[in-house]
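Using full-length UniProt numbering, read the sequence shown as starting at 1 and increasing by one per residue.
Glycine included, each C-beta is placed from N, C-alpha and C at the ideal position.
Each remark here refers to the structure printed beneath this line.
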Amino acid sequence: MLRYSVQRLSLIYEESFGIMKKILKPLLLTVFPLIFIMTYVVVFKYMSATEEKIMDNYIDKLRYEYDIIVSEYTNMANFINLNQIQKESVLEVLYDASLTEDELVKNELRATLLRQLSPLYNNLKTFNFRQLHFHTADNLSFLRFHKPETYGDDLMGIRLSVEYVNREKKSISGFEEGRIFNGYRNLYPLMYNEKHIGSVEISISIAAIIDQIANLYHQESQFILLKSVVLEKVFSSEQSNYSEWTIDPRFVLDKGLVENYSLADHILKKDSDRIAKSLSSSLLDGEPFSIEVNYDQEKRVLSFLPIRNFTGNTVAYLFLNSDNERLVELRRSFWLITSSFLCLIVLLAFIVVYSTYTGRRIKYMAFNDQLTGISSRRMILTKLKEEYLRSKRYGTVFSICMIDIDHFKNVNDTYGHMIGDHVLKELATVVIKNIRSTDHFGRYGGEEFILILLETEGDAALHFLDDLRLKIAQHQFATIGNLTISGGIATYTHKYECSEDLIDDADKNLYLAKKNGRNQVVFEV
C-alpha cells in the first residue's frame, strides 16, 4: 500500500509538471519577458530610491553622533559651571572687579582668578575643553584662560552669544567663532548679591568632536569654516592659524586639523567642483548632503553636516569620509537579482513570494522597534496624532507619559551595551504587562519611552504612572538588579494646538522629575 501511494504521488507530480511546462512555455515567450522588463524598471527605481535613503542615512548617523557628543560635553560644562564656577570665592572676585575702574586693581583681581582656577582649567584641557573665558557685564573680555595676556577687548558684534547671555541673563549653548578659537560654546550668566556681574564660557574645540567621530567610525573627518566669518571675527594676529581650503576657497581649514584630516590631495578635480556646487546649494537652504566621490581611485562617501551659529546661519561644516560598502552591496544585489531573474525566469513565483515577505518585514520594521518589539518612534507618534485628532473632534481625554530610565548610561558603561539592550527589552516587557490593551506604548529614542493612556485624565495618569514606577523599581532585572525611572505627564486639553505640544509639556515635566532627583513622576498643568 505504501509503495502504491509513493508511485501514485510520483505520477501526479510528473503529470502536474508536464501541465506546468505547457503553461510556462507561452508565458516565457510572451508574458514573462514583459514582466521582466517591468520588474527591471521597478527594481531599478527601487534601487535608486534606496541609494538616496542610504545617502541620507550617512547624514543621519553623523548628525546623531554629533548631537550625542555635544550633549555630553554640554552636560559636563553644566556640571562644571554649577559646582566650580558658581562659587562665592569665584563670584566675589568678579564682583569686586565690576565695582572698580582702577586697571591695577582689575589686574590684581584677574591674577587672583587665574591662580584660583588654573588647576581647574588644566583638568578641563584633559577632557578636551579648550576655553574658559570670563566676560564683564558690558561684554568686555575679562580673562581668557587659553590666552590670559589678551583681555579688555570689546566683544560686541563679535560674540553674539556673550551679548545674549549678558542681556537676557540666560545660559546658551552652540557653535560660534571667536577672536582666537572656534568651538562649541556653553555660556552662563554670573550673579552676585543679586547683581549681574558678567558671564563665563566653557567651550570645547571642534577638534574634540572630530576626534570622537573619527574614532567611532574609524573614518577620516574634517571641519571647514567660512572664510568670511574668520576675516570678520578672528584677531588679525590669529588668522594665520587658518589656511584656504583648496576644494572651495570660500572656506578655510584650522591648521591644527589639516595635518591629520587633509582630504584635498585625494579628491579629483571634477569631484571638487561637485562638492563646491553642493555647498553652494546647502548654504542657501541649510540642508546637509552626502556625495559619492573618487578618493584615491576608490569610491567613498563624503557626508557634510551644516554647523549653525546662534543666529541660525550656516557658518561651517563637519564632514565625514566614509566607505561606500552599503552602496556597493546594493548595486551588486541589483545586478545579481536582475541577472538571476533573466536566467531563471521560471522562479518568478518565488520572487513574488519573497517580495511579499519582504514587504511584510519592512512594514513590521517600520512600525515596531527592532530591539524591544514595541511600537517604533514613528508608530507611537502616529498613534499620538490619531488620539489627538480624535480627542479634538469628540471631546475625549487622554494623557501622554514620557518615561526615561534613570542613569541608563551607567548601565552601559558598567555592564556593556549588550546588557543595556537586554535591560531595555525587559523594561518594555514589564510595562506591557502592566498597561491596558487599549493603551499605546512605544520607544521614543535611546532609553526614553512614550506611554499613551486613553480615557485617562491627569491625576489618574499620575497615579497610574507612579504605580508603574514602583513596580519597575521593585522588579529584579537580570544581571543589574534594580533600576528606577522618571516620568513626565501631559493631558490633552483644548489649549494644545498639535500633538507635538503634548510631547513638549510631558518632556518638560520629565525634566523636572530628573532635576528634582529622579525616581519620580511629575505632572504640572
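Between the beta-carbon of Val70 and that of Ile209 there is about 7 Å, and that keeps the pair under the 8 Å contact cut.
Ser203 sits away from Tyr188, with the two beta carbons spaced by 8 Å or more. Between Phe181 and Gln131, the CB-CB gap stays under 8 Å. Take Phe334, set aside five residues on each side of it, and the residues of its chain with a beta-carbon closer than 6 Å to its own are Met47, in chain order.
Each of Leu454, Ile37, Leu109 and Met156 was checked against the Cα of Pro148, and the nearest Cα belongs to Leu109. Per DSSP, the beta-bridge partners of Ile485 are Ile405. Going by C-alpha positions, Asp406 is about 12 Å away from Ile472. In terms of Cβ geometry, Thr372 and Leu424 form a close pair [threshold 8 Å].
In this structure, DSSP gives Ile202 an extended state, which the three-state scheme calls strand.
In the structure shown, Gly445 falls within a strand segment according to DSSP collapsed to helix, strand and coil. DSSP places Thr314 within a strand segment (E or B) once states are collapsed to three. By the beta-carbon neighbour count (other beta carbons within 10 angstroms, threshold 16), Thr136 is buried. Here the alpha carbons of Glu51 and Val41 stand approximately 15 Å from one another.
Annotation for Phe477: no beta strand (DSSP E) segment contains it, and DSSP assigns it neither H nor E. In the three-state reduction of the DSSP assignment, Thr429 falls in the helix class. Under a 10 Å Cβ-count criterion, Thr396 is classified as exposed, with fewer than 16 other Cβ atoms of the shown protein chains found around its own Cβ.
Taking a contact to require three or more Cβ pairs closer than 8 Å, the stretch 50-64 and the stretch 296-312 qualify as touching.
Residue range Phe251 to Asp254 is occupied by the beta strand (DSSP E) that includes Asp254. Between Gly198 and Phe142, the CB-CB gap stays under 8 Å. Counted as a single uninterrupted DSSP element, the stretch harbouring Gln520 is not any beta strand (DSSP E), since DSSP gives it neither H nor E.
The stretch 486-497 and the stretch 512-521 touch, with three or more beta-carbon pairs separated by less than 8 Å.
The alpha helix (DSSP H) runs of length 4 or more contained entirely in the stretch 377-422 are, from start to end of the chain, 377-394 and 408-415. The continuous stretches of alpha helix (DSSP H) do not include Glu244, which lies in the beta strand (DSSP E) extending over residues Tyr242 to Glu244. The beta carbon of Phe398 is closer than 7 Å to those of Glu387, Ser391, Ile452, Leu453, Leu454, Glu455, Thr456 and Tyr492 in its chain, skipping five residues each way along the sequence.
For the pair Gly157 and Phe367, the Cα-to-Cα distance works out to about 49 Å. A straight line joining the alpha-carbon of Thr74 with that of Phe44 spans about 45 Å.
In its chain, beyond the 5 residues on either side, Ile158 and Glu177 have a beta carbon closer than 6 Å to the beta carbon of Lys233. The continuous stretches of alpha helix (DSSP H) do not include Lys299, which lies in the beta strand (DSSP E) extending over residues Glu298 to Arg308. For Arg144, the enclosing beta strand (DSSP E) stretches over residues Ser141 to Arg144. Going by C-alpha positions, Thr382 is about 12 Å away from Ile450. The three-state reading of DSSP puts Leu454 in strand, counting E and B together. Excluding the 5 residues flanking it on each side, Asp96 has same chain C-beta neighbours closer than 7 Å at Leu109, in chain order. In terms of Cβ geometry, Arg377 and Gly442 form a close pair [threshold 8 Å].
The stretch 222-236 makes no contact with the stretch 107-121: fewer than 3 CB pairs, one atom from each, lie closer than 8 Å. Counting of Cβ neighbours within 10 angstroms places Ile37 among the exposed residues, the total staying below 16.
Here the alpha carbon of Ala316 sits roughly 12 Å from the alpha carbon of Glu287.
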